[in-house]
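Here's the structure, in structure tokens; my notes come after.
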Ligand SMILES: C[S@@+](CC[C@H](N)C(=O)[O-])C[C@H]1O[C@@H](n2cnc3c(N)ncnc32)[C@H](O)[C@@H]1O
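In our numbering, the protein residues as written are 2 to 378.
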């Protein structure tokens, strides 16, 4: 870090990093598919500050004004998603347009995947498709739950085995995001014990994994397509050096631009992103292959944990799938429902709503209460 910032700037960096978790500003995204999402959040006490200038649905808010996020119906009903403002930037730079085929190669827990889906949203419907790919079996559950809560259609959540080496992947995507596993130095403020730089061994390991992922991402990209590689770490070895290495190893890509964000310069935890373009003249020609062919080539399995009923409920806001009757809960009861502590004397399965938005199902089953909603909030 000293090499990157020099003796004078280094203390400012550490000071800003320590301060960030205590700063009154946090940031969130509003779900564009929820009508009046902002006024709904305000009615629940959320105090908004400025918009995030680089992302259309992003806002800073007073961190103390969103109570108990784990069981807040604003999050349970997919009205808002709490996300660092700097983490919103890579998708903003990816320039996703409705109708595109997009790959998110490191997708869990789903912050950026949900942003991509929002960019495929065209006022009334989603067009195009997202393949949200996550290798970690536990984290893929969080991803599936998050995207189900966000009410998003047009997405395949896939869980492939970790690729041992470069493989031949069909070039089918217009856009690819590689938000790579990294040293996570921008989280050091939350993990005080990790204040020293990462070991060389760890950094080199990350560099190797990231280089492989960036190659896979570029192989999956159509000629003329655009890829963003991003991290939440500052080390040059994990960022610029990865890009330089990949570009030196292939002739079909060019670096369009890259950007670093620093806590003391930009007021955000920060990290790095690079925008890479695959040359239109590349020999890697597209045939009639589709994202499904990519899924097959990667030996990935479709992951689908949340019930179809729940997905239908979230997508079609007024439907009551399976003929269940509807029950609207107060703010307090909705929060109790998300804590699995709400009770009722209903005798059949009911679809639970809060402020006209679906939350899940409740079913009294042989005297045992059963709650259906994505639990990994
Ligand atoms: C920085 S996180 C992604 C965050 C996510 N894009 C978001 O915005 O919510 C990196 C993800 O890459 C996954 N990962 C770890 N090793 C991997 C590998 N070798 N190949 C692909 N993904 C990997 C991790 O499990 C982790 O979920």
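Glycine included, each C-beta is placed from N, C-alpha and C at the ideal position.
Q) Using the C-alpha atoms, what's the distance from residue 312 back to residue 306? A) 10 Å
Q. Between residue 33 and the rest of its own chain, which residues show a CB-CB distance below 7 Å, the 5 nearest in sequence each way excluded?
A. 58, 119, 122
Q | Member of 211, 359, 6, 249 whose CA lies at the smallest distance from the CA of residue 274 | A | 211
**Q.** Which residues DSSP lists as bridging residue 134, in chain order
**A.** 159
Q. Smallest Cα separation from residue 133: which of 257, 248, 146?
A. 146
**Q.** Three-state secondary structure assigned by DSSP to residue 151
**A.** Residue 151 carries a coil assignment under DSSP once its states are collapsed to helix, strand and coil.
Q: For the beta strand (DSSP E) containing residue 225, list its first residue and its last residue.
A: Looking at the DSSP string, the run of the beta strand (DSSP E) that includes residue 225 is 222 to 232.
Q.
Three Cβ pairs or more, each shorter than 8 Å: is that satisfied between the stretch 160 to 167 and the stretch 213 to 232?
A. yes
Q.
Check whether the stretch 46 to 61 and the stretch 18 to 33 touch, using three or more Cβ-Cβ pairs below 8 Å as the test.
A. yes
Q: Could you spell out where the beta strand (DSSP E) holding residue 367 opens and where it closes?
A: Counting along the chain, residue 367 falls outside any beta strand (DSSP E), and DSSP gives it neither H nor E.
Q. Which residues does DSSP pair with residue 275 in a beta bridge?
A. 230, 259
Q: Quickly, what does DSSP pair residue 207 with across the bridge? List them, please.
A: Paired residues: none, contrary to the question.
Q.
Suppose the cutoff is 7 Å on Cβ atoms and the five residues either side in sequence are ignored; what does the same chain contact list for residue 149 look like?
A. 307, 311, 312, 315, 375
Q: Buried or exposed for residue 297, please, with buried defined as at least 16 other CB atoms from any protein chain shown within 10 angstroms of its CB.
A: exposed
Q: Please work out which residues of its chain come closer than 7 Å, Cβ to Cβ, to residue 372, disregarding the five sequence neighbours upstream and downstream, and give them in chain order.
A: 338, 341, 361, 363
Q.
Runs of 3 residues minimum, wholly inside the stretch 32 to 57: which ones carry the beta strand (DSSP E) assignment?
A. 49 to 52
Q.
Let's test the definition: count the other Cβ atoms within 10 Å of the Cβ of residue 130 and tell me whether it reaches 16, buried, or not, exposed.
A. buried
Q: Given a cut-off of 9 Å, decide if residue 335 and residue 152 are closer than it, judged by their beta-carbon atoms.
A: no
Q) What distance in whole Å lies between the Cβ atoms of residue 332 and residue 36, which are believed to be in contact at a cut-off of 8 Å? A) In fact, because the Cβ distance is near 18 Å, the residues do not count as touching under 8 Å.
Q: Report whether the distance from the Cβ of residue 28 to the nearest heavy atom of ligand 1 is below 8 Å.
A: The answer is no for residue 28.
Q) Is DSSP giving residue 17 helix, strand or coil here? A) helix
Q.
Using a Cβ distance threshold of 8 Å, determine whether the stretch 83 to 95 contacts the stretch 263 to 277, with at least three qualifying pairs required.
A. yes
Q | Spatial neighbours of residue 203 in its chain, beta-carbon cut-off 6 Å, leaving aside the 5 residues before and after | A | none
Q | Euclidean distance between Cα positions of residue 251 and residue 23 | A | 44 Å
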